[in-house]
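In what follows, a structure is listed as structure tokens, so that the remarks can point back to it.
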Amino acid sequence: MVVVGELALWNSPFPLVAWRRSANLTNPMTLIADLVRLHQVDSQVRALRSRLDSSEHYVALQEKQRLLLAARIDEIKSQIRQHQATGVNHEAESGSVKARIDSLRNQLNNSTNPKQYAAVLNELKLLQTQRDEIDELTIDQIQKTDDLQVKLVEVERLYSERIKVSDAGKVELNTCRGEVGARLGELDRERTVAASKIPQRDLDTFNRAADLYDGEAMAELVAVDARRREYSCAACNMELPVEKFASLSSNPNISVTCTSCHRILFLSQVSSAVG
Ligand SMILES: [Zn+2]
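Quick note on the working numbering: the sequence shown kicks off at 1027 and runs consecutively.
Now the structure itself:
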């Protein structure tokens, strides 16, 4: 049986060595090497952006909570004013009923006619009951005001704490901006240079995968068992057809993606050569 081409290499005692030599995989001037370089820079850019975004998100969250507490304080103060005003009205009403009661007491004391005495006494009792009810409403308003005052103290305490946390977050954010800002600008420029070396079609594939996997646009193609020609994607662990390895090994200027997760595949020696 005559065995030729790829099969001859896979069946040789040193198949990978032969493939590496033939494909010149450690030469960094290849598409795959350029993609690995882009991946390295892109990952750093995303990590720094993520740190900055987290810091900004944290400050924005604290600010949102601070505003909610401020609105709650305004609301409680407004409720307190309303209950106080209602209480004052009840007190005024109680005062006028008391004046009427005092007047009727005088009439009662000066009354000589039993029938008139009974009528005044009856009215007096009714007014006293009415006044008691009004006073209860006043007490209810005072109680509500007191409860709200307690709540106000607690919410104002939370507000003060939130301001401290928010201020500390702003300081941290400024530090982060200072530390990250300059490096991010540098890396953005490096990324632009690295991306300019990649053909548009491959760059689109890279960007799609990077966005989908939070920067993890590339995955190593690993040999599960090279003799049995079993390969897999290191990122999603799915088995890959041998043709993927063959293609990547024979021509590092053609990008190959994982059948399952669609990340761009690379061989470890390329990554080492670039890194
Ligand atoms: Zn995969």
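From the three backbone atoms N, C-alpha and C, an ideal C-beta is built for every residue, glycine too. Note that this is a predicted model, so its numbers are computed, not measured.
Nearest-angstrom Cα separation, counted from THR1283 out to ARG1254:
21 Å
Requested in this report: Name the one or two DSSP bridge partners that GLU1256 has.
Outcome: ASP1251
At what residues does the alpha helix (DSSP H) containing GLU1213 begin and finish?
The sequence given here places Leu at residue 1213; Glu does not occur at that position. That run of the alpha helix (DSSP H) goes 1140-1222.
Inset, instruction - Following the continuous beta strand (DSSP E) through LEU973, name the residue where it begins and the one where it ends. - result: The chain is shown only over 1027 to 1301; residue 973 falls outside these bounds and no answer can be derived.
Could you check the C-alpha separation between PHE1292 and VAL1085 for me, to the nearest Å? 39 Å
Q.
Can you give me the C-alpha to C-alpha distance between THR1164 and ALA1194, rounded to a whole angstrom?
A. Pairing THR1164 with ALA1194, the inter-Cα distance amounts to about 45 Å.
| message | Can you find the residues in the same chain that come closer than 8 Å, C-beta to C-beta, to LEU1074, ignoring five residues on each side of it along the sequence? | response | VAL1206, ARG1209, LEU1210 and LEU1213
>> Quick check on this structure: which residue in LEU1152, ASN1277 and VAL1248 has the alpha carbon closest to the alpha carbon of ALA1263?
In response: As written in the sequence, residue 1263 is Asn, which differs from the Ala given in the question. For ASN1263, the nearest C-alpha among the options comes from VAL1248.
Given a threshold of 16 other Cβ atoms within 10 Å of its Cβ, counted over all protein chains shown, does GLN1167 qualify as buried or as exposed? buried
Relative to the C-alpha of ASP1230, which candidate in SER1281, LEU1266 and THR1112 has its C-alpha closest? SER1281
Notebook entry, point to check: With contact counted as at least three CB pairs below 8 Å, one residue from each stretch, are the region 1085-1101 and the region 1215-1223 in contact?
Noted result: no
**Asked** Would you say SER1273 touches ligand 1, meaning its beta carbon is less than 7 Å from a heavy atom?
**Response** In this structure, SER1273 has its CB at a distance of at least 7 Å from all heavy atoms of ligand 1.
Taking 7 Å as the cut-off, is the beta-carbon of CYS1202 closer than that to any non-hydrogen atom of ligand 1? No - ligand 1 has no heavy atom lying nearer than 7 Å to the Cβ of CYS1202.
Given ALA1245 as reference, the closest of GLN1110, MET1055 and LEU1061 once Cα atoms are compared: Nearest option by C-alpha distance: LEU1061.
From ASP1161, ARG1092 and LEU1064, residue whose alpha carbon lies closest to that of ILE1189
ARG1092
Give the secondary structure of THR1112 by DSSP, where H, G and I count as helix, E and B as strand, and everything else as coil.
-> helix
query = How would you label LEU1064, buried or exposed, when you count the other beta carbons within 10 angstroms and need 16 or more for buried?
reply = Buried, by the Cβ-count rule.
task: State the Cα-Cα distance for the pair HIS1083 and ARG1183, rounded to the nearest angstrom.
output: 23 Å
Neighbourhood of ARG1289 by C-beta distance below 8 Å, restricted to the same chain and skipping five residues each side
ALA1235, TYR1239, GLU1242, ALA1243, MET1244, ALA1245, CYS1259, ALA1261, CYS1262 and THR1283
Check your understanding: Hey, how far is the Cα of GLN1175 from the Cα of LEU1087?
Key -> 27 Å
Item to complete: Determine the direct distance from the alpha carbon of SER1081 to that of GLU1198, and round the result to whole angstroms.
Response: Answer to the nearest angstrom: the Cα atoms are 7 Å apart.
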